[in-house]
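**Q** Quick one: the structure is below, and I'll ask about it shortly.
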Amino acid sequence: MAIVRPIVECNRTQIDNGRFYLREMVFGDPTEPQHSAALSIVAQTEEAIAAILDREKPAGAGDAATAARIVSAIMFVSMAASVNAGLETEALERDIRTQISLLIPR
């Protein structure tokens, strides 16, 4: 959650803008410079999450990278979902943490 929390907090400062930004990351034109930069940030985030997962429980680079991609998907879908638009930051973080804990038990 050390990596996830600041991303969620940033996204929630302007919820509608954050949700729009996430939709553009997924569905926007990847040849546009801002889109490419956003995808680069996502890749860097996934690499950082994978490094932590691999450090905590070495299982092979492929497993950590796949788990990191799933964590990223959980985080981004949770932040973009209309049903979560009214959630406070802490409630959204709890929801994301719960989902991640099912994937990666402590």
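Position 62 of the sequence shown, counting from 1, maps to 61 under numbering that gives the first Met the number 0, and the rest follow consecutively.
By construction, the Cβ of each residue, glycine as well, lies at the ideal position given by its N, Cα and C atoms.
1) Could you pull the start and end residues of the alpha helix (DSSP H) that residue 10 belongs to?
2) So, using beta-carbon positions, are residue 49 and residue 64 closer together than 8 Å?
3) Nearest to residue 71 by alpha carbon, out of 87, 46, 12 and 84?
4) Tell me which residue opens and which closes the alpha helix (DSSP H) that residue 30 is part of.
5) Taking all protein chains shown into account, do 16 or more other C-beta atoms lie within 10 angstroms of the C-beta of residue 3, making it buried, or fewer, making it exposed?
6) On the three-state DSSP scale, how would you describe residue 0?
7) For the alpha helix (DSSP H) containing residue 140, list its first residue and its last residue.
**A** Once the coordinates are examined:
1) Where residue 10 is concerned, the enclosing alpha helix (DSSP H) stretches over 3-12.
2) Yes; because the gap between Cβ atoms is below 8 Å, this pair is in contact.
3) Comparing Cα positions, the closest option is 46.
4) Element bounds for residue 30: n/a, residue is neither H nor E.
5) Around the beta carbon of residue 3, 16 or more other beta carbons sit within 10 angstroms, so the residue counts as buried.
6) For residue 0, the secondary structure class from DSSP, reduced to helix, strand or coil, is coil.
7) Beyond the ends of the chain as shown, which are 0 and 105, falls residue 140; an answer cannot be given.
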